[in-house]
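In short: position in the sequence shown from 1, add 28, done, that's the numbering used here. For each residue, glycine too, the CB sits at the ideal point set by N, CA and C. Nothing here was measured: the structure is a model prediction, and the numbers come from that model.
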Amino acid sequence: MVVKKHSVRKRRFNLYFTNFSVANMKLMALVFSVMALLLVMSSSLFAEEYTNSLGMEFVRIPAGSFEMGDDQSMDPNAFGQSQDELPLHTVVISQDFFIGKHEVTQAQWEAAMGSNPSYFEGKNKPVDSISWDQAQEFILKLNQKEETDRYRLPTEAEWEYAVRAGTKGAYFFADQSADPENLKDYAWLVDNSDDKTRDVGEKSPNPWGLYDVYGNVSEWVADWYDETYYASSPETDPKGPDKGWMRVARGGSWNSYAAFCRSQRRSFLQPDSQSKTLGMRLVSDVR
């Protein structure tokens, strides 16, 4: 039997076209997969806010620099002030990071831990009565739940930078005044808390959208405490001393006077300390 040449060429063309189409389809599928991955990555890299699996809302904080602590003109004998806030020094935060819009709530804690240690019960109240060590357990469980390692406590420098939000002085809304009347719109403290914690987010936020950074509960940060650390800390991304026997907490609580809620105020406690004035706020690294 004689096979016409044009029939052979046609079959070869059809086979080539089929193979070409399959290869193209695989290539296009790969391209779309890469584009989808890049879209997911970019949404995390460039998002201004996001909400995680526990309903925790995070706000993106831009990299930058600020003056941390207090200046030498402060009166170390004044009520609420301390030598450990000296000297005023420049700090550079080299990378953007996310920080919790609110303090970690009891509902969020219980969702991860299965129990609630808080003295003042209420699902939307900040979790209280937690030690620094217990905060680490919560962070571990949250990272495991989301199969990541992005969650942690803020460093002391990150906390103050986020709270100041580009402002200077004792509070983000005023340079120097410690008048409780000026704090009542932003914080639950001894003058207006009725001796208990309150639901997060009921007061006005700071300029970067963070609530309850003053009062309600004091917030554990990552650093070991050293009274003289500011005199020798690195300028870029300081993380506190390498060791110590006290951890730092910031922001004051429902039981604090105004002077103890200042942006630069430092508190320190043993890492296993538990108090109905103690809670936390998380950082989430940009990935």
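In terms of CA proximity to R315, Y179 leads the group Y179, L170, T118. Per DSSP, the unbroken alpha helix (DSSP H) holding I167 starts and ends at 160-173. Taking C-beta atoms as the reference points, F126 and Y189 fail to come closer than 8 Å.
A Cβ-Cβ contact shorter than 8 Å links S281 with G243. The Cβ atoms of E184 and R278 lie closer than 8 Å to each other. Contact between the region 218-234 and the region 249-258 is not established, with fewer than three Cβ pairs separated by less than 8 Å.
Fully contained in the region 67-150 are the following alpha helix (DSSP H) runs of length 4 or more, in chain order: 134-141. Of the other Cβ atoms in all chains shown, fewer than 16 fall within 10 Å of the Cβ of G194; this residue is therefore exposed. In the same chain as F296, and ignoring 5 residues on each side of it, the C-beta atoms closer than 6 Å to its own belong to Y253, M274, V276, in chain order. Short of 6 Å from the beta carbon of V120, and not among the five residues preceding or following it, lie these beta carbons of its own chain, in chain order: S93, E263, T264. Inclusion of Y147 and D156 in the CB contact set at 8 Å is warranted, their separation being smaller than that value.
Contact between the region 111-119 and the region 75-92 is absent: fewer than 3 CB-CB pairs across the two stretches fall below 8 Å. For the options R309, M308, N80, the alpha carbon positioned closest to that of E175 is the one of N80.
The beta carbon of N283 sits closer than 6 Å to those of V218, T305, all from its chain and outside the five residues before and after it, given in chain order.
Q111 is classed as exposed because its beta carbon has fewer than 16 other beta carbons within 10 Å across all chains shown.
In the structure shown, V191 falls within a helical segment according to DSSP collapsed to helix, strand and coil.
Under the criterion of beta carbons closer than 8 Å, V241 and N234 qualify as touching, at roughly 6 Å.
Collapsing the DSSP output to three states places E247 in a strand. Exclusion of the five residues before and after Q302 leaves S157, I158, S159 as the residues of its chain whose Cβ lies within less than 7 Å of its Cβ. Distance from the Cα of Q136 is smallest, within the candidate group K169, M84, F201, for M84.
In this structure, E230 is the residue among E230, K196, A139 with its C-alpha nearest to the C-alpha of K212. Under the three-state reduction of DSSP output, F288 falls in the helix class. Apart from the 5 residues on each side of it in sequence, K151 sits with its Cβ closer than 6 Å to the Cβ of Q134, A135 in its chain, given in chain order. Boundaries of the beta strand (DSSP E) around D313: 311-313.
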